[in-house]
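Have a look at the structure below before the remarks.
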Amino acid sequence: MNRSFRWSGNFSGWRDVFLQILINSIIAGSVYSLLAFGFTLIFGILSFFNLSHGIAFTVAAYISYVIRIKLHLALPVSIALSILFTPVAMLGVYGVAYSPLRKRRAPSWVFVVASLGVATFMEALITFIFGSDLVSLRTGETRPGYLIGSAVITEVQLWTIGVSIFVMVLLSILMKETKVGKAMRGVANDGEMSGIVGINIEKICLFTFGLGAALTAIAGNLVSLEQDLFPTMGQAALLKAIVAASIGVGGSIPGALFGGFLLGVVENFGIWHINASWKDGIALALLILFILFRPKFFGGETER
Amino acid sequence: MAVLYHTLIMAGIYIILTTSLNLVAGYTGLFSFCHGAFYAIGAYAGALLTLKLGFPFWAEVLGAAFIAGIGGLAIGCPTLRVRGGYLALATYGFAVIIFTVLNNWESVTRGPLGIRNIPHVKLFGMTFNSLWSFTLLVAFFVFITIFCLRRLVGSSFGKVLLAIREDETAALAIGKDIARFKVASFSIGAFFAGIAGTLYAHYVRFIDPTAFVAQESFLVYSMVILGGRGSMLGSVLAALLLVVLPEALRFLGLPSFCAVQLRQMIYGALIVLIVIYRPQGIMGKVQRF
Chain A
42 MNRSFRWSGN FSGWRDVFLQ ILINSIIAGS VYSLLAFGFT LIFGILSFFN LSHGIAFTVA
102 AYISYVIRIK LHLALPVSIA LSILFTPVAM LGVYGVAYSP LRKRRAPSWV FVVASLGVAT
162 FMEALITFIF GSDLVSLRTG ETRPGYLIGS AVITEVQLWT IGVSIFVMVL LSILMKETKV
222 GKAMRGVAND GEMSGIVGIN IEKICLFTFG LGAALTAIAG NLVSLEQDLF PTMGQAALLK
282 AIVAASIGVG GSIPGALFGG FLLGVVENFG IWHINASWKD GIALALLILF ILFRPKFFGG
342 ETER
Chain B
2 MAVLYHTLIM AGIYIILTTS LNLVAGYTGL FSFCHGAFYA IGAYAGALLT LKLGFPFWAE
62 VLGAAFIAGI GGLAIGCPTL RVRGGYLALA TYGFAVIIFT VLNNWESVTR GPLGIRNIPH
122 VKLFGMTFNS LWSFTLLVAF FVFITIFCLR RLVGSSFGKV LLAIREDETA ALAIGKDIAR
182 FKVASFSIGA FFAGIAGTLY AHYVRFIDPT AFVAQESFLV YSMVILGGRG SMLGSVLAAL
242 LLVVLPEALR FLGLPSFCAV QLRQMIYGAL IVLIVIYRPQ GIMGKVQRF
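Protein chains in written order, with the numbering used here: chain A, 42 to 345; chain B, 2 to 290.
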């Protein structure tokens, strides 16, 4: 998450700095959009403010780590298996912790508390197994990046942008054209009505939860190609997901893109002149500004 | 003996935190994930008031609690316009912002270096420099807090808070200004968290931002849920349980790294089990779910 901009002294003027920051914003934005859409799907369809969303991010990164570093399998294999296994693991969590609550029709705040418990438990479990030290997925040397003007972009970062765009296109096809996508939009719109017209709501919920975890797993893999892993890495991811999802209009792909990229831009340009450790503060200040000025949208006046 | 006193002192501090959060999260039914931030404000305000301005202890506690209470007002007014998950988020956001400020505002908080050499408490010519005397001091504040909060929730003010939790529209319909009640419960909760913070600062005598990360807020919130929303006795028991538990784990002879992770796992699992099997908490009476 911390693609902080480093001054290397090679820049000739503010234009170059601007270009580099813009590139960093786009990279960050494409990851944030993936995270935000996963979060907003689960929020829209299950009415579940999922504080354990970031866990999928960590789990994905560590599954990749085990397969790539411990089992010595190739990078594409590790990524594919990680994107496959993460939703399986999260659906297991869903079955143990959230299914009983859904059956009891517990109010939504109960889910928030339960997901807090899940996040605490899973994070401690991952720390228990892997230790709290940083581990790295990178093997071999880092290749030098490409130059655009005097700004640098690495191969992995190009992949990050490409994969995010590809996934977003796939998702819009899924949501608009397929039967399951239409059913998902139906449940998000009116759960009771969808049940009456014969949509199996519980199945759609499972599918949505798995899809959300898979999207987060993709983001987790992209980020862990560039950055070291640590057990609490999911917290930052959760934060970005929530902020981006809240800024963008909930439930839609354009909304997630807007929220993700706006957050990326504000964060990266925000630390142009001030210390990079203010980054999280900037993200949350942005969120609080949105909450202040658009209360309707956050359930301030209408019941959600 | 030292371990016993230490456990008692920490339990006392967490009892103050949990009972005061219970007013906000339990009685009024608001998500608040920023109690740790008020705790931090209290600790820093207390330490700075005594070190920089030379306040006597009683003035320092009151001052720090007031500053934390003002923090409660500051976060309460804007964010109480939102509900549910978004309130959770906005308050969590406030906790992270406070952490960022403590970590970066180096001219005042000394950033990650923290504040050292916070003096022992001096009151009525006595110095509270031994563990047992400090335990007594904490116990005194625990009683004050519980006394005040019990009086408060027993009063008509407390009834309105409960009404807001159970049915906001109905409370509004009988003419209660719910926003004011919510903000009031928020700042009163923050006030007592500020007291807990000052006590903590004087107990460890060295504070840095890492002691007040957002996890602290989650921990206190889960203590409230564990104890039962709207039960002061439940909050006390839950705080005791979750503070004593890790100390007990230490006696099992586990390496400290394992013990910490095991404790976190037990916290997490307890929360999930509680919401599934006993949603009203240890002592909660509310069956509505």
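Note that CB positions come from ideal geometry on N, CA and C, so glycine has one too.
Candidates the options: closest to residue i by CA position
i, options, result
"residue 182/B", "174/B, 191/B and 165/B", "165/B"
"residue 63/B", "269/B, 189/B, 169/B and 158/B", "189/B"
"residue 261/A", "121/A, 55/A, 58/A and 89/A", "121/A"
"residue 348/A", "286/A, 69/A, 136/A and 68/A", "Residue 348/A lies beyond the range of chain A shown here (42 to 345); nothing can be said about it."
"residue 45/B", "196/B, 154/B, 160/B and 79/B", "196/B"
"residue 77/A", "327/A, 278/A, 316/A and 109/A", "278/A"
"residue 59/B", "121/B, 42/B, 206/B and 41/B", "121/B"
"residue 60/A", "272/A, 194/A, 222/A and 256/A", "194/A"
"residue 222/A", "54/A, 116/A, 248/A and 174/A", "248/A"
"residue 79/A", "110/A, 283/A and 232/A", "283/A"
"residue 113/A", "179/A, 145/A and 99/A", "179/A"
"residue 174/A", "55/A, 299/A, 297/A and 274/A", "274/A"
"residue 142/B", "225/B, 192/B and 186/B", "192/B"
"residue 145/A", "263/B, 70/B, 281/B and 277/B", "277/B"
"residue 209/A", "141/A, 259/A, 163/A and 164/A", "259/A"
"residue 54/A", "84/A, 102/A and 191/A", "191/A"
"residue 85/A", "311/A, 229/A and 316/A", "229/A"
"residue 99/A", "232/A, 111/A, 81/A and 130/A", "130/A"
Alpha-carbon spacing of residue i relative to residue j, whole angstroms
i, j, result
"residue 114/B", "residue 167/A", "29 angstroms"
"residue 185/A", "residue 239/A", "55 angstroms"
"residue 268/B", "residue 5/B", "21 angstroms"
"residue 214/A", "residue 173/B", "45 angstroms"
"residue 304/A", "residue 177/A", "26 angstroms"
"residue 272/A", "residue 87/A", "27 angstroms"
"residue 288/A", "residue 330/A", "10 angstroms"
"residue 74/A", "residue 153/A", "22 angstroms"
"residue 127/A", "residue 238/B", "37 angstroms"
"residue 68/A", "residue 308/A", "12 angstroms"
"residue 50/A", "residue 267/A", "In this prediction, residue 50/A has a pLDDT of 49, which is less than 50 and means its spatial position is unreliable; nothing more can be read from the coordinates."
"residue 178/B", "residue 160/B", "13 angstroms"
"residue 16/B", "residue 52/B", "27 angstroms"
"residue 99/B", "residue 246/B", "29 angstroms"
"residue 162/B", "residue 143/A", "28 angstroms"
"residue 157/B", "residue 151/B", "12 angstroms"
"residue 131/B", "residue 265/B", "30 angstroms"
"residue 207/A", "residue 171/A", "32 angstroms"
"residue 276/A", "residue 150/A", "20 angstroms"
"residue 156/A", "residue 97/B", "19 angstroms"
"residue 169/A", "residue 106/A", "16 angstroms"
"residue 37/B", "residue 241/B", "18 angstroms"
"residue 289/B", "residue 111/B", "In this predicted model, residue 289/B has a pLDDT of only 46, less than 50, meaning its place in the structure is not dependable; the value taken from the coordinates is given anyway. Those two C-alpha atoms are separated by around 48 angstroms."
"residue 213/B", "residue 237/A", "49 angstroms"
"residue 293/A", "residue 270/B", "34 angstroms"
"residue 345/A", "residue 204/A", "The predicted model places residue 345/A with a pLDDT of 32, which falls under 50 and marks its position as unreliable; any figure quoted below should be read in that light. One C-alpha to the other measures close to 33 angstroms."
"residue 262/B", "residue 296/A", "38 angstroms"
Below-7 angstroms beta-carbon distance, residue i vs any chain D residue
i, result
"residue 171/B", "Of the protein chains in this structure, namely A and B, none is chain D."
Contacting residues, own chain, Cβ-Cβ under 7 angstroms from residue i (five flanking each side not counted)
i, result
"residue 184/B", "74, 77, 78 and 81"
"residue 65/B", "43, 46, 47, 50, 195, 198 and 199"
"residue 56/B", "50 and 64"
"residue 68/B", "42, 46 and 195"
"residue 235/B", "228, 229, 282, 283, 284 and 285"
"residue 180/B", "81"
Beta-carbon contacts of residue i that lie in its chain and below 6 angstroms, excluding the five residues immediately before and after
i, result
"residue 302/A", "70"
"residue 202/A", "71"
"residue 160/A", "92, 93 and 96"
"residue 275/B", "227"
"residue 27/B", "225, 230 and 231"
"residue 198/A", "68"
8 angstroms CB neighbourhood of residue i in its chain, flanking five on each side removed
i, result
"residue 109/B", "49"
"residue 136/B", "6, 9, 10 and 13"
"residue 93/B", "34, 35, 215 and 218"
Which parts of the region 205 to 240 of chain B are runs of the alpha helix (DSSP H), unbroken and 4 residues or longer, counting only runs that do not cross its ends?
-> With a minimum length of 4 residues, the continuous alpha helix (DSSP H) runs that stay inside the region 205 to 240 of chain B are 215 to 228.
Report yes or no: do the region 27 to 35 of chain B and the region 80 to 99 of chain B share at least 3 C-beta pairs separated by less than 8 angstroms?
-> Below 8 angstroms, enough C-beta pairs join the region 27 to 35 of chain B and the region 80 to 99 of chain B to call them touching: three or more.
Count the CB pairs spanning the region 103 to 113 of chain B and the region 224 to 236 of chain B that are closer than 8 angstroms, and state whether there are at least three.
-> As far as the Cβ criterion goes, the region 103 to 113 of chain B does not touch the region 224 to 236 of chain B, which means the pair count is below three.
What residue ranges within the region 64 to 116 of chain B form continuous beta strand (DSSP E) runs of no fewer than 3 residues, ordered along the chain?
-> Complete beta strand (DSSP E) runs here, min 3: none at all.
Could I get the ranges of all uninterrupted alpha helix (DSSP H) runs contained in the region 160 to 230 of chain A, with 4 residues as the minimum, in chain order?
-> Counting whole runs of 4 or more residues, the region 160 to 230 of chain A contains the alpha helix (DSSP H) stretches 196 to 218 and 220 to 230.
Can at least three beta-carbon pairs, one atom from the region 135 to 147 of chain B and one from the region 8 to 28 of chain B, be found at a separation below 8 angstroms?
-> Yes, the region 135 to 147 of chain B is in contact with the region 8 to 28 of chain B.
Only counting runs of 4 or more residues, tell me where the alpha helix (DSSP H) segments fall wholly within the region 155 to 210 of chain B, in order along the chain.
-> Entirely contained in the region 155 to 210 of chain B, the alpha helix (DSSP H) runs reaching 4 residues are, in chain order, 157 to 167, 169 to 174 and 179 to 205.
Considering only residues of the region 127 to 159 of chain B, which uninterrupted beta strand (DSSP E) runs meet the minimum length of 3 residues and lie entirely inside it, listed in chain order?
-> With a minimum length of 3 residues, the continuous beta strand (DSSP E) runs that stay inside the region 127 to 159 of chain B are 127 to 129.
Fully enclosed by the region 301 to 338 of chain A, which alpha helix (DSSP H) runs are 4 residues long or longer?
-> Every alpha helix (DSSP H) of 4 residues or more that sits fully in the region 301 to 338 of chain A is shown, in chain order, as 320 to 334.
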